[in-house]
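Take 130 as the starting number for the sequence shown in my numbering and just add one per residue.
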Amino acid sequence: MNNQLIIKTTPSNLAEIKQLLKQIDHAPRRLMITVKQDVSGDRQFREDSLSGKYSSGDVQIRTGRDYSTEGLSVSAGDKDSNIRYRTLKGDVRADDRNTFKVQTLEGQPAFINQGQSIPFNSSNTVITENGVVVNRSTDYQDVGSGFYVLPRLNGDQVTLLAATELSSIKPGRHAAANMQGMETTVVGRLGEWIELGGIDQSYSRDGRRNFSSSSVRGQELRTVFIKVDEIK
């Protein structure tokens, strides 16, 4: 009553009760939570194509028309007959790091997110009695990074319920969104980096059409780390 706790007990039990109250009756500790999301990748690609034209009298052969001006191109011939070889290769390396910080109290959840909406254009062709109708539209994909975390402390030991999300746009002729999500519970100590997990993936694609060929090789590594510091 009146914010007072009245207990009738023995002196020895009262000492134990006071010690217990000291452990539970304190202000929540202020925490700074830092989440680091690292993305590294390597991509190699190569394209080769052969195009040409041959004319002799009433015979004309044309194959592998290639309008691209990228890469190394070698041509030979005259106005009636010619041949063209083109090759394009490259190596792309990417390193990206997202770091988030948010302040909270022990036992209280924290959430932070940032990103943007990326437009994707699409078209649909319909053949009708009156001709061909092309319908064009634009959709938006939300791309961003963020995390949700609930910290619980026991001395210098911290238990974290964490959920993270990382999305990005994959470059190329046909853009696509890469999505990564994770939810886990981990235990560590204040001030130390804790690895939540990650994804290590590799891919390989080969294509061939008439006198053209292409190949893509790549690897991507995504890791997520979290750290909790006490603000004093």
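Note that the Cβ used here is the ideal one computed from N, Cα and C, for glycine as well. Owing to the predicted nature of the structure, the values given are computational and were not obtained by experimental measurement.
To which residues does DSSP link residue i through a beta bridge?
i       : result
Leu-279 : Leu-290
Ser-178 : Arg-215 and Ser-341
Asn-259 : In DSSP, Asn-259 forms no bridge with anything.
Restricting to Cα atoms, I'd like to know which of the options is closest to residue i.
i       : options                               : result
Ile-241 : Gly-275, Gly-310, Phe-354 and Arg-338 : Gly-275
Val-71  : Thr-228, Ser-342 and Thr-267          : This structure gives no information on residue 71, because the portion of the chain shown stretches from 130 to 361.
Tyr-277 : Thr-293, Ser-141 and Ile-328          : Thr-293
Arg-334 : Leu-325, Gln-348, Met-161 and Thr-352 : Gln-348
Tyr-214 : Lys-230, Asp-220, Gln-237 and Glu-176 : Glu-176
Gly-170 : Ser-331, Asn-339, Ser-341 and Lys-356 : Ser-331
Asp-225 : Leu-217, Thr-352 and Ile-360          : Thr-352
Asn-78  : Gly-310, Val-262 and Val-316          : Given that the chain is displayed from residue 130 to residue 361, the structure contains no residue 78 and the question cannot be resolved.
Gly-336 : His-155, Leu-150 and Phe-174          : Phe-174
Asp-220 : Val-345, Ile-355 and Glu-359          : Val-345
Leu-350 : Asn-259, Arg-222 and Asn-339          : Arg-222
Would you decide whether residue i is buried or exposed? Buried here means 16 or more other CB atoms lie within 10 Å of its CB.
i       : result
Gln-166 : buried
Ala-239 : buried
Ala-144 : exposed
Thr-138 : exposed
Ile-136 : exposed
Thr-233 : buried
Thr-198 : Low confidence applies to Thr-198: its pLDDT is 48, below 50, so where it sits in the model is not reliable, and the reading given next is rough at best. When all chains shown are included, Thr-198 counts as exposed.
Ser-266 : exposed
Leu-325 : buried
Leu-160 : buried
Glu-321 : exposed
Glu-312 : exposed
Ser-141 : exposed
Ala-291 : buried
Val-357 : buried
Ser-178 : buried
Pro-365 : For the chain, the structure presents residues 130 to 361; residue 365 sits outside this window and is missing.
Ile-162 : buried
Ile-256 : exposed
Ile-355 : buried
Val-262 : exposed
What is the residue span of the beta strand (DSSP E) that residue i lies within?
i       : result
Asp-285 : From DSSP, Asp-285 is part of no beta strand (DSSP E); its letter is neither H nor E.
How is residue i classed by DSSP in three states: helix, strand or coil?
i       : result
Leu-234 : strand
Asp-268 : strand
Pro-157 : coil
Glu-145 : helix
Leu-350 : strand
Leu-319 : coil
Lys-137 : coil
Lys-151 : helix
Lys-361 : coil
Ile-355 : strand
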